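Positions 1186 to 1465 (the working numbering) are the ones given, in order, by the sequence shown. Where a beta carbon is used, it is the ideal one built from N, C-alpha and C, also for glycine. Nothing here was measured: the structure is a model prediction, and the numbers come from that model.
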Amino acid sequence: MRSPRRLAVPLCAALLCVGAAVPACAEGPHVRLRAMTYNIHAGAGYDGRLDVARTAAAISGQRPDVVALEEVDVHWGARSQWRDEAREIADATGMRVFFAPVYSLDPPLPGAPREEFGVALLSRHPILSAVNHPLTRLSTQDPDPVPAPAPGFPEIVTEVRGVPVHVYGTHLDYRADPSVRRLQVADTLRVLDEDRGGPQILMGDLNAEPRAPELAPLLARLTDTWAAVHPAGDGFTHPAQAPERRIDYVLASPGIGVRDVRVPVTGASDHLPVVADLVG
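Take a look at the structure:
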């Protein structure tokens, strides 16, 4: 497939600044996009019950255009009944899907599908291209891991009313030590810098709160859509049953307009989703 970096956006389709009125554009298309990120906990709710249909319903109820899903199992194991959650959710929501495995293990039996775990991107619009970028990671599959590049940072270019938009999904390291997240942020910025051809939306579970020092370079480069709309609101997303941390984000490149951001209440995961209405 073509590299996303080669796609460009007409100047008039550049998205408008946060908090500004939305004037008519003399030429070129307008873009309105509802973006959603959701750590789906492999399809298990905070009640511990696996229910992929419930997960899909929580997504469909928000009517998003693009979605980043974290902790997605694809034939991964017994906890998700070896199901292809990426495909099931895409089919149930009527969206296109690109799955980016972090881990892809050989099957236990010849002819069986690979056992995979990772991040998925859904789009209601055509996907022009897709890439699974590497990030520095500490593998959970290695008993003595060291930081090393590993896949699981998906990017798609999706066409919205004729405008190509770069969409990324991510899931940063969960450990208390921020050193790996710091490296992942640097990796992320390098990828974003290679794709300066149009609007960019980065969504996912960053496993750190907004004031975490390791997130500072990323939040200096992109707009934190929740903070833009709710500067005094907490926006907590985890744990879902009694949220006390904001670790899930929809971030947008400078110039993207933000009409609204919300954190819907649902028990379909141990995280709450974040939904942002963007405009250009």
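Opening and closing residue of the alpha helix (DSSP H) in which residue 1327 lies: For this step, residue 1327 is matched to residue 142 along the sequence shown. Segment: none, residue 1327 is in no alpha helix (DSSP H) and carries neither H nor E.
By the DSSP assignment, the alpha helix (DSSP H) with residue 1406 in it spans what residues? In the sequence shown, counting from the first residue as 1, residue 1406 sits at position 221. Start and end: 1401-1406.
Tell me whether residue 1460 sits in a helix, a strand or coil according to DSSP, three-state version. Here the question's residue 1460 lines up with position 275 in the sequence shown. Strand.
Closest to residue 1225 by CA distance: which of 1409, 1304, 1386, 1248 is it? On the sequence shown, residue 1225 is found 40 positions in, with the first residue counted as 1. Here the closest residue by C-alpha is 1304.
How about residue 1406 and residue 1377: are their beta carbons less than 9 Å apart? Taking the first residue of the sequence shown as 1, we reach residue 1406 at position 221. Taking the first residue of the sequence shown as 1, we reach residue 1377 at position 192. Contact flag set, yes.
Going by Cα to Cα distance, which pick from 1346, 1274, 1338 is closest to residue 1387? What you label residue 1387 is simply residue 202 of the sequence shown in a count that begins at 1. Of the listed residues, the one whose Cα sits closest to residue 1387 is 1338.
Bridge-paired residues (DSSP) for residue 1341: As a working note, residue 1341 is residue 156 in the sequence shown. According to DSSP, residue 1341 bridges with 1315, 1352.
Specify the secondary structure class of residue 1363 as computed by DSSP and reduced to three states. Taking the sequence shown and counting its residues from 1, one reaches residue 1363 at position 178. Looking at residue 1363 - three-state DSSP - the assignment turns out to be coil, as it is neither helix nor strand.
If we ignore side chains and look at the alpha-carbon of each, how far apart do residue 1216 and residue 1465 end up? Against the sequence shown, residue 1216 aligns to sequence position 31. Against the sequence shown, residue 1465 aligns to sequence position 280. Taking the straight line joining both Cα atoms gives about 5 Å.
Can you tell me which residues form a DSSP beta bridge with residue 1302? Position 117 of the sequence shown, counted from the first residue, corresponds to residue 1302. The partner list for residue 1302 (beta bridge, DSSP) reads 1258, 1288.
Is it buried or exposed for residue 1362, if we count other Cβ within 10 angstroms and need 16 for buried? Within the sequence shown, the letter at position 177 stands for residue 1362. Looking at its Cβ environment, which holds fewer than 16 other Cβ atoms inside 10 Å, residue 1362 is exposed.
Taking 9 Å as the threshold (beta carbon to beta carbon), is residue 1349 in contact with chain C? The structure shown contains no chain C, having only a single protein chain.
Just the C-alpha distance for residue 1371 and residue 1457, rounded to the nearest angstrom, thanks. Locating residue 1371 in the sequence shown gives position 186, where the first residue counts as 1. Locating residue 1457 in the sequence shown gives position 272, where the first residue counts as 1. Roughly 26 Å separates the two Cα atoms.
For residue 1308, three-class secondary structure by DSSP: Mapped onto the sequence shown, residue 1308 falls at position 123. Looking at residue 1308 - three-state DSSP - the assignment turns out to be strand.
Measuring only the C-alpha atoms, how far is residue 1237 from residue 1228? Here residue 1237 is taken as the residue at index 52 of the sequence shown, counted from 1. Here residue 1228 is taken as the residue at index 43 of the sequence shown, counted from 1. About 5 Å.
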